[in-house]
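Structure, as structure tokens:
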Amino acid sequence: MQNEITIRKANKKDFDAIYQFINELEETIFNAEDQKKAFEQNISNSSFIYLVAELNEEPIGFISCHAQVLLHHGGQKIGEIQEMYVSKENRKMGVGKKLIDELKKVALQNRIAQLEVTSNKKRIKTHQFYQRENFINSHEKFTLELHPPRV
């Protein structure tokens, strides 16, 4: 159907689009070779969920979620949204909501008890989006940048 937004599982063919989305999200240009290696490793990991939003069979956004069993959650499997991006020209069309809704379905199928997300403090509209999707702002996140040697 024309102009229908669909959500599907990501595959290796989605790398170019997702690489572009990540660069736009982080406002930088990452090394494509490193990104491709990480992407292919991630989509082959059964604990990770990567979904792509398409409009007329063209990728317009994606979401990734990494799940793990956490002791401080009583041994339950918790999913953390790592990245979510919708192309600028396709925002305000319900794409983000569709990505979240499909992620929730897949998460439940994978026995994930809770979804979490961390978002940069500067992304106020993103925070409002997650709150509309019933996420609760319950934690602070602290980061410490390390500089390991490149292999």
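Going by the working numbering, the first residue of the sequence shown is number 7, and it counts up by one from there. For glycine and all other residues, C-beta sits at the position ideal for the given N, C-alpha and C.
Quick one: residues in its chain with C-beta nearer than 6 angstroms to the C-beta of residue i, no 5 flanking neighbours on either side, listed in chain order?
| i | result |
| --- | --- |
| His72 | Phe54, Glu86, Gln88 |
| Lys19 | none |
| Met90 | Ile69 |
Alpha carbons only, please: which of the options is nearest the one belonging to residue i?
| i | options | result |
| --- | --- | --- |
| Val92 | Gln41, Lys104, Val123 | Lys104 |
| Leu165 | Thr149, Leu76, Glu139 | Residue 165 lies beyond the residue range present for the chain, which begins at 7 and ends at 157; the question has no answer from this structure. |
| Arg156 | Glu33, Lys18, Asp40 | Asp40 |
| Thr149 | Ile49, Lys127, Lys111 | Lys127 |
| His145 | Glu151, Leu152, His133, Asp107 | His133 |
| Arg117 | Tyr56, His153, Lys98, Gln74 | Gln74 |
| Gly81 | Thr12, Val112, Ala119, Met99 | Ala119 |
| Glu64 | Asn96, Ser50, Asn48, Leu76 | Asn96 |
Any heavy atom of the ligand FMN closer than 8 angstroms to the Cβ of residue i?
| i | result |
| --- | --- |
| Pro155 | Of ligands this structure carries none, so the ligand FMN is not represented either. |
Sorted by chain position, which residues of the same chain lie with C-beta nearer than 7 angstroms to residue i's C-beta, five sequence neighbours on each side aside?
| i | result |
| --- | --- |
| Phe141 | Val123 |
Here's a check: name, in chain order, each residue in its chain whose Cβ is nearer than 8 angstroms to the Cβ of residue i, leaving out the five neighbours to either side.
| i | result |
| --- | --- |
| Phe135 | Gly102 |
| Lys42 | Phe21, Tyr25 |
| Arg14 | Leu57, Val58, Glu60 |
When burial is assigned at 16 or more other CB atoms within 10 Å of the CB, is residue i buried or exposed?
| i | result |
| --- | --- |
| Phe27 | buried |
| Ala38 | exposed |
| Ala23 | buried |
| Val58 | buried |
| Ile35 | exposed |
| Ala44 | exposed |
Since residue i sits in a beta bridge, which residues does DSSP pair it with?
| i | result |
| --- | --- |
| Gln41 | For Gln41, which the question treats as bridged, DSSP gives no partner whatsoever. |
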